[in-house]
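Chains A and B, in that order, give the protein sequences. Position in the first sequence (first residue = 1) + 4 = the working numbering. Position in the second sequence (first residue = 1) + 4 = the working numbering. Using N, Cα and C, we set each Cβ at its ideal position, and we do this for glycine too.
Number of protein chains: 2
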Amino acid sequence: MKAVGVIVEYNPFHNGHAYHVQSAKEASGADVVVAVMSGNFLQRGEPALVSKWYRTKMALLNGVDVVIELPYQFAVQKAETFANGAVSILDAVGCHSLCFGSESGDILSFKKTIKFIERNQQQLDDNIQKNIKTGVSYPKALSLSYQEMSSGEEFVNLAKPNNILGYHYIKSLLEQNSHIEPLTVQRKNADYHDEHFATETIASATSIRKALFSNNEDHPSIEQYVPETTYQLLKDYQFDFGGFHRWENYWPLLQFRLIQSSPNELREIYEVEEGLEHRLKGAAITSISFQDFMQQVKTKRYTWTRLQRICVHILTNSKKDEMKTGLEKASYLRLLGMTQKGKEYLNKQKSHVSLPLVSKLSAFKQPVIMHDIKASQIYSLGLGSASAARLSQLEYKQPPIYIK
Amino acid sequence: MKAVGVIVEYNPFHNGHAYHVQSAKEASGADVVVAVMSGNFLQRGEPALVSKWYRTKMALLNGVDVVIELPYQFAVQKAETFANGAVSILDAVGCHSLCFGSESGDILSFKKTIKFIERNQQQLDDNIQKNIKTGVSYPKALSLSYQEMSSGEEFVNLAKPNNILGYHYIKSLLEQNSHIEPLTVQRKNADYHDEHFATETIASATSIRKALFSNNEDHPSIEQYVPETTYQLLKDYQFDFGGFHRWENYWPLLQFRLIQSSPNELREIYEVEEGLEHRLKGAAITSISFQDFMQQVKTKRYTWTRLQRICVHILTNSKKDEMKTGLEKASYLRLLGMTQKGKEYLNKQKSHVSLPLVSKLSAFKQPVIMHDIKASQIYSLGLGSASAARLSQLEYKQPPIYIK
């Protein structure tokens, strides 16, 4: 049995994702699709709309066969670390290929780009430094430098968000000496950050979330952009837990923690550097919402996404010493769910899987997984105390979801 | 000019307090009344109904001439430490007498009781130990031991909450070699913890708060039990800030902090001892309200009040090292307000006042006062982010209230 890996967040699972899963299967000729999925907090420093269990169900009902959680330590990170964690999990579980969506859609240009950059690393670093001096953020300087160096050649445009992720996936595969073959399919229509509905059936997750959060009664229905099962699961979640998770729900908690902690305590948090603790504390008491707060603290140097990640780390009390070790590879596989075919695959692979496969939390108590549990408990606070008790019980009691 | 001191919380100021202020003036023959008042968090480990500024106004409009804040470090403490701080402030400001309300109403029995206990300290300690072994809490054991030893004599009943406070006031006066003369007036009608309205005009603060928090539209009006000015200030506060402060408002913050902090971090908090951190953390995620949480964590050993104080310390991030030093005497006088007569008194006293008199926060930055400011900021979070910004600005910008 052959497996193709995909690296996802499914926030929420929509028709574009279904297209990606199908394309991955076709392009790879694999029998099963294994998804590594961010848990309750996402790469861009946001709480997921609905819990990882519901997102796992959405995936399994729409073509994915196995869902494994990307631990918090890798998920709420810049692209490079995110890629390292995800690729190491796909490798451990024995995938033959990894298929990612990209704006480029051409795997050869990715490989060409990587080789070119490897050969010209020094010049790239110099260009980045030069661009940073003009006052732009690091990610911006990086993408400018790529563009400057690759002009005229058939390289991948690394200013595009999915291209840069793909670039890091391949780089991680190379660095980890993985046998996984990288594949890419072109993303259909919807730009990652696009807030508007693009076509009849495909829309970005961003635009879908925007529609879900709109108070306007006559906002466009998301029904046509997501599989029926996603639509139903979103409705169930809203009914069962009283709403969806968004940053504003956590603002009172973040504000409280910023005010009650000392600058020294804040400095212990991962990525709080260079006096940022004072800036964050100063803005906390006068801000009346998360949006308001972010507007006050953002600078050219700190992008919105980087600041959002820092805010998630403060919320989850993620310390430098907890977050900085073991970032090369994952150390366990937390199984969130599988189909019957996924189960067959895992059974056949069993003896080859190179990391402990965790399906019962009580049987496995490593510090990293304890951190995931804490993050889930804090995530569960976003919809009030009554929902929190039930949501966080899921974390302990929910066995991997199994769909026949 | 002679001043009589009173030690108060005014949560809120009611007719019984007005009676106490008048009686204090009459009993002492003083020209002015100086009140030492708990700030935004109170001795029993609760947020005050309304901010200290509004409670200061209530006091100044009803017979009190000077209001000085009892720092958090002394206010949210057992009776002994509370008394030490309050008495040291009255002493520093030059009061001739201290007049407290008590169930006993007889100052001679207080003095007799103190002498008796001094002479029999060893036996008292033995009795306390004996009673603790029967499984009761420390305060209960203390009061039982007092009762056992003082039976048949004309001693003060130290099982009564105001008697025990008075006992500690006099003890602190003696220990601090103060020249202040202690006086007591009998409390009128309302028992401290009484939840029901007792007479036509006098009701306990507890019953008044209960009426204010009642959702029942036809709950008895508090109008007849409080001065008109208190009634109006409570209405103003509700209108300006959207409600009153109560523990349930802070429950989401406390729950969050209990979940996100490690047991080691919790153990740094003042009075978190003997593994209590695990008990608190364990109950946090499954509790759906503060009441629910308290029911889960309380034991015979930990009284409700002691646990509430610990919860306030966790909320305000009050560490052992911050709270355990300088507990013998206050180190500054934070002036919250004065009448014209109070101002005259302070001007005349100026050269005799033995501690720095703080009326502008910006001019005085000691760690202890910074802790008061933090406590006020956290208190301000109890009514939502929009009110928080305005409430916490009061802390910095509000000059002492002056009423001509």
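Residue-level contact by beta carbon fails for B/N44 and chain A, as no gap is shorter than 9 Å. Taking 9 Å as the threshold, the shortest C-beta distance from A/W255 to chain B falls below it. In the three-state scheme derived from DSSP, where H, G and I count as helix and E and B as strand, B/L102 is classed as strand.
For A/Q190, the beta-bridge partners assigned by DSSP are A/S106.
In chain order, P267 place their CB closer than 8 Å to the CB of A/H282, counting only its own chain and leaving out the 5 sequence neighbours on each side. Listed along chain B, no residue sits closer than 7 Å to A/K56 by beta-carbon distance, the nearest being about 17 Å off.
Taking the CA atoms as reference points, B/K408 sits about 20 Å from B/Y235.
Between the alpha carbons of A/S366 and A/Y400 lies a gap of roughly 8 Å.
Residue state for B/A39 is assigned as strand, using DSSP reduced to three classes. The C-alpha of A/L258 lies about 10 Å from the C-alpha of A/K285. Non-local C-beta neighbours of B/I212 in its own chain, meaning closer than 8 Å and more than five positions away in sequence, comprise P16, H18, I226, Y229 and V230, ordered along the chain.
Out of A/M41, A/N166 and A/Q26, the CA that lies nearest to the CA of A/V80 is found in A/M41.
When 7 Å is used as the limit between beta carbons, B/N321 is near these residues of chain A: Q264 and S265, in chain order. If you ignore the 5 residues before and after A/K144, its C-beta comes within less than 6 Å of no other C-beta in its own chain.
At a cut-off of 9 Å between C-beta atoms, A/F260 counts as an interface residue with respect to chain B. Taking the Cα of B/W251 as reference, the smallest distance to any Cα among B/S335, B/T343 and B/L387 is reached at B/L387. Non-local beta-carbon contacts of A/I132 in its own chain, meaning distances under 7 Å to residues more than five positions away in sequence, involve A145, L146 and S149 in chain order. In the three-state DSSP reduction, A/P75 falls in the coil class, being neither helix nor strand. Boundaries around B/A7 are those of the beta strand (DSSP E), A7 to V12, since no alpha helix (DSSP H) includes it. Below the 7 Å Cβ cutoff, chain B contributes A393 as neighbours of A/T290, in chain order. A contact is defined here as three or more CB-CB pairs under 8 Å, and the region 47-60 of chain B meets this definition with respect to the region 312-322 of chain B.
In the three-state reduction of the DSSP assignment, A/Y336 falls in the coil class. Residues of chain A with a Cβ closer than 8 Å to the Cβ of B/L385 are, in chain order, P256, Q259, F260 and I263. For A/K378, the neighbours in chain B by C-beta distance under 8 Å run, in chain order, I263 and Q264.
Interface flag for A/G388 against chain B is set, since a Cβ pair is found closer than 9 Å. Annotation: Cβ neighbours of B/Q381 in chain A (cutoff 7 Å, chain order): I263 and I289.
The three-state reading of DSSP puts A/F248 in coil, since its state is none of H, G, I, E or B.
Taking 9 Å as the cut-off, the Cβ atoms of A/Q190 and A/S113 do not count as close. Looking at the DSSP output, A/K323 sits in a beta bridge with A/I273. Residue environment: B/G105 is assigned as buried (16 or more neighbouring CB atoms within 10 Å of its CB, all protein chains considered). Membership of A/Y400 in any beta strand (DSSP E) is not indicated; the residue belongs instead to the alpha helix (DSSP H) covering S389 to K401. At a cut-off of 9 Å between C-beta atoms, B/S396 counts as an interface residue with respect to chain A. For B/S293, the chain A residues whose C-beta falls within less than 7 Å of its own C-beta are S389, listed in chain order.
Each of B/D129, B/A334 and B/K82 was checked against the Cα of B/T309, and the nearest Cα belongs to B/K82. For B/V301, the three-state secondary structure derived from DSSP is helix. For the options B/K116, B/F159 and B/W57, the alpha carbon positioned closest to that of B/R394 is the one of B/W57.
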